[in-house]
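S.K.:
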Amino acid sequence: MRQRKYMFILSALYLSGILHGLAWAAPESKLTEHVVITSQIATEPIPKNWQERSDFGKYFQQAGVKGTFLLYDLKEDRYFVYDAKRANTSFLPASTFKVFNSLVALETGAIADENVVIKWDGIKRELPEWNQDQTLRSAIKYSTVWFYQELARRIGSTRMQRYINLANYGNRDIGGGIDRFWLDGKIRISPKEQIDFLVKLYQNKLPFSKRSLAIVKDIMIREKTDEYVLRGKTGWASSVKPNIGWFVGYLELGDRPFFFAINIDIQKPDDAKARINITKQILSAMNLLPKTKN
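Sequence positions in the sequence shown follow mature numbering (1 follows the signal peptide of the UniProt record, and there is no 0) and run -25 to -1, 1 to 269.
(1) Kindly indicate the opening and closing residues of the beta strand (DSSP E) around W221.
(2) Which ranges would you report for the alpha helix (DSSP H) in the segment 38 to 88 if only whole runs of at least 4 residues count?
(3) Closest to Y54 by CA distance: which of T43, W25 and T71 is it?
(4) If you run the structure through DSSP and keep just helix, strand and coil, what is F183?
(5) To the nearest angstrom, how far is the alpha carbon of E82 from that of R129?
(6) Could you compute how far the alpha carbon of E168 sits from the alpha carbon of S29?
(7) Pull up the distance between the alpha-carbon of M261 and that of Y47, whole angstroms please.
(8) Under 8 angstroms Cβ to Cβ from Y117, same chain only, skipping five residues before and after it: list those, please.
(9) What are the start and end residues of the beta strand (DSSP E) that includes P244?
(10) Would A69 pass as a contact of L158 if the rule is Cβ separation under 8 angstroms?
(11) Within 10 Å of its beta-carbon, does I98 have 16 or more other beta-carbons around it, so buried, or fewer, so exposed?
(12) Between which two residues does the beta strand (DSSP E) harbouring K208 extend?
(13) Within 10 Å of its beta-carbon, does P166 have 16 or more other beta-carbons around it, so buried, or fewer, so exposed?
(14) What is the residue span of the alpha helix (DSSP H) that K175 lies within?
(15) Can S77 and I164 be called in contact, C-beta distance under 8 angstroms?
(16) I'd like the list of long-range same chain contacts for K161, defined as Cβ closer than 6 angstroms, with 5 residues on each side in sequence excluded.
(17) Assign Q124 to one of three DSSP states: helix, strand, or coil.
(18) State buried or exposed for residue 335, treating a residue as buried only when at least 16 other CB atoms are found within 10 Å of its CB.
(19) Can you grab the Cα-Cα spacing for the pair P265 / Y225, in whole Å?
(20) Any contact of the segment 179 to 187 with the segment 195 to 213, i.e. 3+ C-beta pairs under 8 angstroms?
(21) Which residues does DSSP pair with Q109 in a beta bridge?
(22) Just reading off the alpha helix (DSSP H) that K255 is part of, what are its end residues?
(23) Roughly how many whole angstroms lie between the Cα atoms of A212 and V79?
(24) Would you tell me roughly how many angstroms separate the C-alpha atoms of V74 and I115, rounded to the nearest one?
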């Protein structure tokens, strides 16, 4: 009796397994369809406060370059983006890192203020503006690489890493040499992260004194009128192919700031001017700057 009951249970389990398998079996086409749907669901959509602006693309096409542009309206907490995927992709910061380097140098005493002179080492470099004594103000204006390399060496890896971590800058990896990591090392930052950093700079929410923040904001000014103040820093990563071009900063209209980051491929030297030209064209199209002829 027990044996027959045992055999009945085994048979029931066996049939249950077959039926279970039939219930879950699916034609190959259906399985493929399921995988595709899952893949689409897994693709992260842009946030609700991001607006795709395909119309910005015409400025890139006119300049003959590929890239992304991200604009952030702090008051409305709204982003306007061309190529959202690239806006969230990380790249070498190149000379845009000079903003952060300036903050750390001032905070640590690697340089006392924006007017202290560091003597030119006498080595002739590609840009005539670099071949002279420099201050923090002139060095950020001319994007003088040797000056900022000297500051980074004075700061040292330990202190630089500490502030990178505190500010949560990019991927926080300064591998590649204390005086080269932003040029051809391991640090990476996305256009979105550039804007996050600039917002904290504007709001004085970075781990630096108000004095250091005020000095850096001042030396970042590129244009100042009765209507607006434009702050920014360019960058050109020539150690990667294609070269990467940056222009990041923010525009103040009274007490209302708009933050921007453009990132482009530089295939030839003439492409570099597109960084600023496209930025101004878009800001003008958004009625934030006077109309530009570029």
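Glycine included, C-beta positions come from ideal geometry on N, C-alpha and C. None of the values given here were measured: they were computed from a predicted structure.
M.R.: Judging by the given coordinates:
(1) First-last of the beta strand (DSSP E) with W221: N218 to L228.
(2) DSSP runs (the alpha helix (DSSP H)) wholly in the segment 38 to 88: 59 to 62 and 73 to 83.
(3) Answer by Cα proximity: W25.
(4) Coil at F183, not helix or strand.
(5) Those two C-alpha atoms are separated by around 12 angstroms.
(6) Distance between the alpha carbons of E168 and S29: 21 angstroms.
(7) Straight across, the Cα-Cα distance linking M261 with Y47 is about 12 angstroms.
(8) Taking Y117 as the centre and dropping the five residues before and after it, the same chain places the C-beta of L102, E104, W105 and Q109 closer than 8 angstroms to its C-beta, in chain order.
(9) Premise fails: P244 is in no beta strand (DSSP E) and is neither H nor E.
(10) Closer than 8 angstroms, so yes.
(11) Counting other Cβ atoms within 10 Å of its Cβ, I98 stays below 16 and is therefore classed as exposed.
(12) For K208, the enclosing beta strand (DSSP E) stretches over residues V204 to A212.
(13) Here P166 is buried, its C-beta having at least 16 other C-beta atoms within 10 Å.
(14) Start and end: P166 to Y177.
(15) Between S77 and I164, the gap from beta carbon to beta carbon reaches 8 angstroms or more.
(16) Take K161, set aside five residues on each side of it, and the residues of its chain with a beta-carbon closer than 6 angstroms to its own are D148, G150 and G151, in chain order.
(17) In the three-state reduction of the DSSP assignment, Q124 falls in the helix class.
(18) Any question about residue 335 goes unanswered here, given that the chain covers just -25 to 269.
(19) Our two residues, P265 and Y225, have alpha carbons roughly 16 angstroms apart in a direct line.
(20) Judged by Cβ distances under 8 angstroms, the segment 179 to 187 makes no contact with the segment 195 to 213, as fewer than three pairs qualify.
(21) Bridge partners of Q109: I93.
(22) Going by DSSP, K255 is part of the alpha helix (DSSP H) stretching over A249 to A260.
(23) Between A212 and V79, the C-alpha separation is close to 21 angstroms.
(24) As the crow flies, the alpha-carbon of V74 is around 8 angstroms from that of I115.
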